[in-house]
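Residue numbers (this note's numbering), protein chains in the order written: chain A, 2 to 351; chain B, 2 to 495. Backbone N, C-alpha and C define an ideal beta-carbon position, used for all residues, glycine too. Accompanying notes for the structure given below.
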């Protein structure tokens with residue numbers, strides 16, 4: 002009888018380049034079943050999902066709008082994960098940034114844009130840091146698992162936002178749960194006419210560039226990568242693991258805060274409960290799919306933005322539930338992760 | 002009738018002959034010691050008996066009947082139980098649940114019934130456990146009793162104990178020996194793997210000594226003594242390595258006094274370790290593995306802080322400093338496990354630079370050019386077969402060890418901690434590393450060489466300290482080191 006065994010051995014490097022293509026194909030095969038059950042043609046569905054959004058100016062720009070917060074949360078998560086700190090709290094940190102922006106944007110009426118926009122970004126960044134600080138300190142001082150604490154901080158933030166919107170920021174006349182409207186100077190400029198594309202995309206791209214340089218070119222980045230790859234090895238080499246990890250956790254929170262600033266100053270102009278469409282969590286997907294590499298995260302965020310836009314098209318054109326897009330996205334993540342894992346093994350005949 | 006007879010057992014791992022034509026007999030109702038150094042093949046032989054490994058060839062008889070054991074389940078079925086150093090209990094379950102795990106029938110589990118049956122077994126065999134206690138709340142000694150009872154509950158008539166005392170405090174060792182003696186009187190046969198002479202002489206009836214995968218001899222306890230056993234175990238009449246008379250050794254520069262490290266339950270992993278090393282001197286620390294060398298390395302390199310005691314370099318106290326500060330103070334450090342002290346995902350050049358990043362920083366950025374140039378120099382100097390941008394994990398053990406050594410030596414340390422520097426290396430790499438250590442010594446470095454390879458310690462060290470159960474049992478000048486002397490100290494002879 003022919004027997005096989007699975008042994009741990011890295012696959013040749015070139016197979017890595019095939020992962021995205023194979024992953025999309027496998028995802029297509031798996032999700033086609035669901036699309037057929039929903040009584041639609043899988044090929045048509047995939048056309049509307051992946052191709053159509055790129056075919057018109059409006060939807061192309063809309064893909065960029067959807068990607069903007071994901072680039073930032075993806076980078077935020079990647080900075081933390083690179084350093085071996087598993088920040089699941091980008092969602093809460095995003096709202097912390099948004100709260101700071103909501104305050105600045107409706108308070109300093111007399112300041113010009115050149116002052117108020119940077120002020121808003123700085124305070125938004127700081128707010129993200131503050132929200133990230135508690136779990137980070139618990140982690141390095143008391144070794145409390147940051148996955149749990151950062152996640153729970155998100156739930157707390159839901160109530161903080163709700164408290165603000167039902168309290169000080171409740172509209173006294175309409176009773177609507179939204180903070181006071183941003184005055185004009187505090188709004189992000191639009192990057193293209195007749196679209197929602199705003200300054201946030203530039204902010205996101207600048208952050209990608211800065212984080213790329215930080216991680217790849219600076220001593221701090223090298224230390225972060227060292228810790229992420231092996232805490233003991235880093236400690237042995239004399240790196241201050243706790244301090245470096247704290248910096249990574251806080252920078253991560255700050256960047257997630259910037260994502261919140263962008264959503265409120267670029268699109269909604271006031272704080273609402275549903276400001277984030279789970280961007281903090283989707284950022285984890287972007288970071289993982291992008292292999293924690295800033296450029297990879299950028300590409301992954303654009304791709305997820307594409308699916309997000311495309312799934313609306315699919316549901317409208319083919320009358321299938323809009324959740325199909327979420328399913329495709331999640332399936333793609335699982336397939337990619339499985340392939341990354343399987344890459345470390347090979348089947349051998351014995 | 003013999004309880005166990007293993008005939009002509011051979012087992013090869015790659016190029017290593019772990020067992021060569023081994024004949025081993027266990028009589029009914031005896032405690033039989035398997036004695037030998039690290040890598041002598043004791044555990045391999047027992048893993049074959051327990052079905053964890055398959056012998057390349059050879060036969061096994063249990064109670065006179067030929068058996069083919071290919072899994073632990075079959076071994077248990079044949080009445081063989083094994084208690085390993087690393088327990089296989091589920092910490093969150095109760096003692097009774099752990100014992101019956103996998104041996105229950107039906108859909109429902111009655112806690113009352115299983116606790117009753119475990120309590121009965123506990124009484125019957127005289128192994129004292131509390132069936133309703135949660136395992137994670139038990140001490141190591143208690144957990145070991147649960148493991149023993151688990152084997153007996155499954156009707157083991159032959160019990161293999163793999164270095165059972167390694168994890169125990171002295172009082173627990175006494176309790177263990179009492180229960181083993183009682184169980185043997187009731188008809189159990191025990192194989193006791195050990196490298197500690199005192200224990201073997203205390204509790205065993207017969208002793209089989211293994212060396213380099215072969216059986217040296219099997220003797221009755223009454224016919225032998227510790228000195229003879231040590232000789233059989235170490236097995237070298239002369240060490241065979243002629244060493245250069247040492248160059249003038251300088252002044253003591255690195256001093257440890259009373260270094261103590263407490264583990265869980267107040268167990269002393271390191272107990273009052275004191276020694277000093279002079280410039281141009283190699284102090285070898287020999288010992289059987291698991292006697293505290295790993296923890297001592299961690300303390301010396303800064304990964305662990307000692308509970309008490311002091312470490313001084315040039316009179317400056319460094320025992321509580323961080324790894325980086327210890328390195329800055331002039332201590333070059335190589336880790337016991339080279340995978341632990343390096344970062345496999347980073348490149349060779351990054352690993353080489355990691356300990357000294359301030360030297361490789363320009364205007365706030367990593368000076369990649371300087372890192373690469375420096376790496377190229379090191380690669381050439383240390384004959385590392387790699388290029389600067391290779392991922393470290395792709396290197397062979399020998400080349401990885403050279404990277405570790407190159408990094409430690411690149412800062413011209415006054416003291417070098419070399420822990421297991423040639424473990425797992427091929428002959429060429431081993432020779433190279435040893436040559437480098439001697440060169441470093443000539444340069445004036447004080448070297449602490451921790452090694453489980455006795456030949457290595459004897460070949461390189463000017464003085465040899467022997468570590469046993471976390472204590473330094475004695476420090477012998479190289480000229481006075483004889484196999485008996487070192488072997489007895491290593492096996493903890495009184």
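What does a CB cutoff of less than 7 Å around residue i pick up in its chain, not counting 5 residues either side in sequence?
i                      : result
residue 373 of chain B : 350, 389
residue 305 of chain B : 262, 296, 299
residue 324 of chain B : 302, 303, 304
residue 228 of chain A : 84, 85, 235, 240, 242, 245, 246
residue 241 of chain B : Because residue 241 of chain B carries a pLDDT of 46, less than 50, the predicted location of this residue cannot be relied on, and no value is offered for it.
residue 409 of chain B : 333, 334, 335, 417
residue 208 of chain A : 73, 76, 256, 259
In chain B, which residues lie with their C-beta within 7 Å of the C-beta of residue i?
i                      : result
residue 226 of chain A : 347
residue 79 of chain A  : The contacting residues do not exist; residue 79 of chain A stays about 15 Å from chain B at best.
residue 220 of chain A : 358, 362, 367
Taking DSSP as the reference, what is the three-state secondary structure of residue i?
i                      : result
residue 20 of chain B  : strand
residue 386 of chain B : coil
residue 1 of chain A   : Nothing in the structure corresponds to residue 1 of chain A, since chain A is present only between 2 and 351.
residue 308 of chain A : helix
residue 44 of chain A  : helix
residue 266 of chain B : helix
residue 258 of chain B : strand
residue 116 of chain B : helix
residue 84 of chain A  : coil
residue 129 of chain A : helix
residue 272 of chain B : strand
residue 302 of chain A : helix
residue 318 of chain B : strand
residue 102 of chain B : coil
residue 286 of chain B : strand
residue 199 of chain A : strand
residue 466 of chain B : strand
For residue i, I'd like the list of residues in its chain whose CB is within less than 8 Å of its CB, leaving aside the five on either flank, ordered along the chain.
i                      : result
residue 216 of chain B : 23, 24, 25, 209, 210
residue 100 of chain A : 128, 161, 162, 165, 261, 272
residue 220 of chain A : none
residue 25 of chain A  : 333
Taking residue i as the query, report the chain A residues whose CB atoms sit under 8 Å from its CB, ordered along the chain.
i                      : result
residue 425 of chain B : Simply none; closest approach about 18 Å.
residue 499 of chain B : It is not possible to answer for residue 499 of chain B, since the shown part of chain B is limited to 2 through 495.
Which chain B residues sit within Cβ distance under 8 Å of residue i?
i                      : result
residue 85 of chain A  : Residues of chain B passing the Cβ test: none, with the nearest at roughly 11 Å.
residue 230 of chain A : 344, 345, 346, 347
Return the chain-ordered list of same chain residues with a C-beta closer than 6 Å to the C-beta of residue i, the five sequence neighbours on each side being excluded.
i                      : result
residue 74 of chain A  : 91, 257, 260, 280, 281, 284
residue 214 of chain B : 18, 19, 20, 21, 42
residue 31 of chain A  : 332
residue 386 of chain B : 400
How would you list, in chain order, the residues of chain A whose beta-carbon sits under 7 Å from the beta-carbon of residue i?
i                      : result
residue 342 of chain B : 234, 237
residue 328 of chain B : 239
For residue i, go through chain B and note every residue whose CB falls closer than 9 Å to its CB, in chain order.
i                      : result
residue 6 of chain A   : The premise fails here: residue 6 of chain A is roughly 14 Å from chain B at the closest Cβ pair, so nothing lies under 9 Å.
residue 249 of chain A : Those do not exist, as residue 249 of chain A stays about 16 Å from chain B at its closest Cβ, beyond 9 Å.
What in chain A is Cβ-close to residue i, meaning under 9 Å?
i                      : result
residue 302 of chain B : 237
residue 323 of chain B : 236, 239, 241
residue 351 of chain B : 223, 226, 227
Would you say residue i lies against chain E (beta-carbon separation less than 9 Å)?
i                      : result
residue 355 of chain B : The structure shown contains no chain E; its protein chains are A and B.
Legend entry - At least 3 beta-carbon pairs within less than 8 Å: the stretch 26-38 of chain B vs the stretch 205-216 of chain B: yes
Inset, instruction - Check whether the stretch 250-260 of chain B touches the stretch 268-281 of chain B, counting contact only when three or more Cβ pairs, one atom from each stretch, lie closer than 8 Å. - result: yes
Inset, instruction - Give, in chain order, every unbroken run of the alpha helix (DSSP H) that is at least 4 residues long and sits entirely within the stretch 192-245 of chain B. - result: 198-204, 227-235
Inset, instruction - Could you pull out every unbroken beta strand (DSSP E) segment of at least 3 residues lying fully inside the stretch 6-72 of chain B, listed in chain order? - result: 17-28, 32-36, 58-63, 66-68
Inset, instruction - Run through the stretch 216-300 of chain A for me and flag every whole alpha helix (DSSP H) of 4 or more residues, listed as ranges in chain order. - result: 220-230, 232-237, 242-264, 280-290
Legend entry - 3 or more residues per run - each beta strand (DSSP E) lying fully within the stretch 369-433 of chain B: 416-420
Legend entry - the stretch 86-106 of chain B contacting the stretch 144-151 of chain B, beta-carbon criterion three pairs below 8 Å: Output reads yes: the stretch 144-151 of chain B touches the stretch 86-106 of chain B.
Inset, instruction - Give a yes or no on contact between the stretch 323-341 of chain B and the stretch 178-193 of chain A, applying the rule of three or more CB pairs nearer than 8 Å. - result: no
Inset, instruction - Would you mind listing the alpha helix (DSSP H) stretches within the stretch 126-187 of chain B that are 4+ residues and don't spill past its ends, in chain order? - result: 141-154, 171-186
Inset, instruction - Give a yes or no on contact between the stretch 281-292 of chain B and the stretch 460-475 of chain B, applying the rule of three or more CB pairs nearer than 8 Å. - result: yes
Legend entry - Contact the stretch 311-326 of chain A vs the stretch 39-51 of chain A: 3+ CB pairs below 8 Å: yes
Inset, instruction - Could I get the ranges of all uninterrupted alpha helix (DSSP H) runs contained in the stretch 68-118 of chain A, with 4 residues as the minimum, in chain order? - result: 91-108
Inset, instruction - Flag this pair as touching only if the stretch 169-176 of chain B and the stretch 115-125 of chain B have three or more C-beta atom pairs under 8 Å; answer yes or no. - result: Per the Cβ contact rule, the stretch 169-176 of chain B is not in contact with the stretch 115-125 of chain B (fewer than 3 Cβ pairs under 8 Å).
Inset, instruction - Kindly confirm or deny that the stretch 361-370 of chain B and the stretch 452-459 of chain B touch, where touching means at least three C-beta pairs closer than 8 Å. - result: no
Legend entry - Given 8 Å, three or more beta-carbon pairs between the stretch 138-145 of chain B and the stretch 160-170 of chain B: Three or more pairs of CB atoms, one per stretch, sit closer than 8 Å, so the stretch 138-145 of chain B contacts the stretch 160-170 of chain B.
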